[in-house]
Amino acid sequence: MAYSARLKAHADKLGRDVKIALVGAGQMGHGFGCQVDRMPGLSVVLVIDIDPVRITNLYKDLGVTDPVISDDKAVIVEALNAGKRVGSTKSDLVAELPIDFVVESTGVPEIGAQITYSSLLAKKDVAVLNVEMDVTIGPLLHKTAVDNGVIYTVCHGDEPIEAKVLVDFARDLNFEVIAAGKGKNNPFEPLSNPDTVRERATAKNMNPKMLCSFTDGSKTMTEMVALSNTTGIPLSKRGMYGPAATVKTLQNVFAPVEDGGILESKGVIDYCTGDVAPGVFVIVKSDSPYINHEMTYLGMGAGPYFALYRPYHLASIEAPISVARAVVDRESSLFATHLISEVVAMTKKHLKAGDKIDGIGGYTVRGYADIAADARRDNLVPIGLIQNAIVKNDVPVGTLLTYDDVVLDSNSLIVRLRKEQDEAGLTYAN
Ligand SMILES: [Mg+2]
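The opening position of the sequence shown corresponds to residue 309 in the numbering used here, with each subsequent residue numbered one higher.
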């Protein structure tokens, strides 16, 4: 940590700032762009979004009033080489442009896959704010980065990585990890869709699909699967428990059943509702009576289970730490080498043969966390592959979709990459 002086030294050595391309200037991308551009040695020189207004709005907040906006590769290259700030609506160019670092924050698994995979093959470092993509093809992207001598990382600021920081801390101190997870921010409305949340989304100036992915649980399921895959800690069960808990009761709730809690087994990932949000937690135990005595003395409770708790996660605002870590330490903040948990797709309404499935945060399906071995046994489709799939037969509401229920979009890159990952034996540990 303490990257600011080292970033400055890096820029001095390079003779210029690290040139960052940001793809996706929605709420997350805008926050990221505003923050990263304020850090020494890092400059956003290219912003790509399908909506040019979002590009100029971001540049306005960076104090740039005259960005070059173009979809012509030659014009873009010339402007970048002349040290100008550039905007474009064409995301498929990014891998070929003279920039050092690509940040992907579209939130769409398919677009994320296109940008990330092509950029890694072009030997550019890539940081993503797209955990939906990572839980689907993360192992393949990690291997592609290693093979090309570059960094692939999921960004700091979201719950999976900030909870993993607590897990690493607990493990480094030789505590037993009993449970780890997050507090869920929004009320759980599993059948919500963009219409049912539209009013709330408008009031919060949010995209209704994004808010819906929070309320229907897709986001929490995805984040906890990412935490599971990157720590090697299994989910508590298919769908997890998601009990109510408070900061004060965390260690009582996430304790084994025989000690009055809800857990059938120790060492699991789960989430809770209540005032723990927007924080993350790990429940620890020590086998040393003296350490437990000291923990109690330090105000951590009566034991034997203790909650370590970080009360916040700063999302896009602290995401640039992962860029700094990649640039200065050549280190990925968060990645999985294989999947032990999966996010599968549960129907939110009765689907009929011939129906087309929309994506995460839409009307048809929600993300559901599953143990990878069970998902594999039951032939379940990862939700990251489901956009534009066609339903083959009628499926009632509340059903986990199998590969036999749908025809996946054959033009989708993420579908192809997932197949490659499966066939290369990268998806699951051997
Ligand atoms: Mg989050």
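Think of the CB as a built atom: it goes at the ideal place given N, C-alpha and C, for glycine as much as any other residue.
Source: prediction; values computed, not measured.
In this structure, G525 keeps its C-beta atom at 8 angstroms or more from the C-beta atom of G662. Between ligand 1 and the CB of K472, the shortest heavy atom gap is not smaller than 7 angstroms. Scanning the stretch 549-636 from its first residue to its last, the whole alpha helix (DSSP H) runs of 4-plus residues come out as 558-561, 597-605. When rounded, the separation of the alpha-carbon atoms in G465 and I591 is 20 angstroms. For K398, the number of other beta carbons within 10 angstroms of its own is below 16, and it is reported as exposed. Burial state of A317 is exposed, judged by a 10 Å Cβ sphere holding fewer than 16 other Cβ atoms. Closest option to I469, judged by alpha-carbon separation, among D369, G587, Y549, A382: G587. Pairing V673 with I694 gives a Cβ-Cβ distance under 8 angstroms.
In this structure, P516 lies near V505, with their beta-carbon atoms less than 8 angstroms apart. For E386, the shortest separation between its Cβ and any heavy atom of ligand 1 does not lie below 7 angstroms. Just so you know, the alpha carbons of G371 and P360 end up roughly 17 angstroms apart. Where R674 is concerned, there is no enclosing alpha helix (DSSP H), although the beta strand (DSSP E) around it starts and stops at 673-679.
By the criterion of a C-beta distance shorter than 8 angstroms, M603 is surrounded in its chain by S594, G609, G611, F614, once the five residues flanking it on both sides are discounted. Annotation for L622: G465 place their beta carbon closer than 6 angstroms to its own, counting only its chain and skipping 5 residues before and after. Distance from the Cα of G706 is smallest, within the candidate group I698, A653, E731, for A653.
K727 and G667 have their C-alpha atoms roughly 19 angstroms apart.
Within the same chain, and ignoring the five residues on either side of Y711 in sequence, the residues whose Cβ sits closer than 8 angstroms to its Cβ are N687, L688, V689. Here A653 carries a strand assignment [DSSP, helix/strand/coil]. Cβ atoms of D713 and V699 come within 8 angstroms of each other, at about 6 angstroms. Taken through DSSP and simplified to helix, strand or coil, K316 comes out as helix. Positions of the alpha helix (DSSP H) runs, each at least 4 residues long and wholly inside the stretch 471-538, are given as 502-511, 516-523 in order along the chain. DSSP places T364 within a helical segment (H, G or I) once states are collapsed to three.
Around the beta carbon of H601, fewer than 16 other beta carbons lie within 10 angstroms, which makes this residue exposed. Ranked by Cα distance from Y311, the options D583, N456, S630, S544 are led by S630. Collapsing the DSSP output to three states places V443 in a helix.
Under DSSP, F409 shares a beta bridge with I328, D433. Going by beta carbons, L315 and M347 fall inside the 8 angstroms limit. With contacts defined by Cβ atoms closer than 8 angstroms, E404 and A421 do not form a contacting pair.
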